[in-house]
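Residue numbers (our numbering): 1 to 255. Every residue, glycine too, gets a C-beta built ideally from N, C-alpha and C. I have placed the structure first, in the form of structure tokens, so that the comments after it can refer back to it.
In structure tokens form, the structure reads like this:
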């Protein structure tokens, strides 16, 4: 089963995504950061959207909701815990719910941390996850509404996805994330190689996404609190993985 993806830039660093079921042609917009960029992608592809799948309430993810709903008559789906903050929402979803895009089924995973009601959409058959601002390439979202243990638990859910899962995130933050990752994991050869590839991609104006869970497990310091080298670099050999995560997040916040 094929889920076709059109990824494009919105605003200054947001990613926009159209996701189309190849069997039926039904198309979803993943978050709505900017009307004009989304309309350009729709015109370019010829894919007419029937829904918006919202990951969380932040303005840079919902600003085009109402304009797109008026233009296309589409259905807006979003997290139940943030329903009152998502413009035009029609259907609320929570952990364990399923959203269908044509023949494709997206399983809803609650991944709070960046916001208190953030969700991820996992299309298991297609092997694709839309993680919004929970998991970034080589990073994770800032903890605006939750404490570190909440985000750590959410990331553990994503770490349990199959390693081949293709991950689409909400922002192009990867180059800055790579620079930070090297400060806590400087001897990781996979990370150093990936950072070099990222510098080339950005110099050429190319996106660094999508990523995969396998790549993130090997190089993303926010998922690697168990690693003895990172623990030694932080001087945290005898604490929990959760405490290591909290320290890495704290350091990134001030980097």
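| query | result |
| --- | --- |
| 7 angstroms CB neighbourhood of residue 69 in its chain, flanking five on each side removed | 76, 88 |
| Bridge partner(s) assigned by DSSP for residue 220 | Its beta-bridge partners do not exist; DSSP assigns none. |
| Sequence-distant residues of the same chain with beta carbon closer than 7 angstroms to residue 146, five excluded per side | 112, 113, 116 |
| Cβ-based burial, residue 123 [other Cβ within 10 Å; buried from 16] | buried |
| Any alpha helix (DSSP H) of 4 or more consecutive residues that is wholly inside the stretch 60–147 | 65–72 |
| Residue range of the beta strand (DSSP E) that includes residue 177 | Taken as a continuous stretch (DSSP letters only), residue 177 belongs to no beta strand (DSSP E), being part of the alpha helix (DSSP H) at 174–184. |
| Cβ distance (whole Å) where residue 166 is taken to contact residue 128 below 8 angstroms | 5 angstroms |
| Proximity below 8 angstroms, CB of residue 79 to CB of residue 92 | yes |
| Environment of residue 154 [buried if 16+ CB atoms lie within 10 Å] | buried |
| Buried versus exposed, by CB contacts within 10 Å (16 or more), residue 26 | buried |
| Bridge partner(s) assigned by DSSP for residue 8 | 16 |
| Buried versus exposed, by CB contacts within 10 Å (16 or more), residue 144 | exposed |
| For residue 166, the residue or residues it bridges with in DSSP | 128, 212 |
| Alpha-carbon to alpha-carbon, residue 213 and residue 161 | 7 angstroms |
| Residues near residue 252 in its chain [Cβ-Cβ closer than 6 angstroms; skip 5 each side] | 180 |
| Residue from 235, 192, 8, 33 with nearest C-alpha to residue 218 | 192 |
| For residue 57, the residue or residues it bridges with in DSSP | In the DSSP output, where bridge partners are listed per residue, residue 57 has none listed. |
| 8 angstroms CB neighbourhood of residue 131 in its chain, flanking five on each side removed | 55, 111, 120, 158, 167, 168, 169, 170 |
| Spatially closest choice to residue 44 from 32, 33, 24, 8, by CA coordinates | 8 |
| Cβ pair residue 103, residue 197 closer than 8 angstroms | no |
| Option nearest residue 30 by Cα separation, candidates 229, 173, 46, 62 | 62 |
| Nearest-angstrom beta carbon gap, residue 174 and residue 223 [assumed within contact, 8 angstroms] | The pair is not a contact, with the Cβ atoms about 15 angstroms apart (cut-off 8 angstroms). |
| Reduced DSSP secondary structure (H/G/I, E/B, other) of residue 207 | coil |
| Assigned exposure category for residue 126 - 16 Cβ within 10 Å defines buried | buried |
| Simplified DSSP assignment, three categories, for residue 49 | strand |
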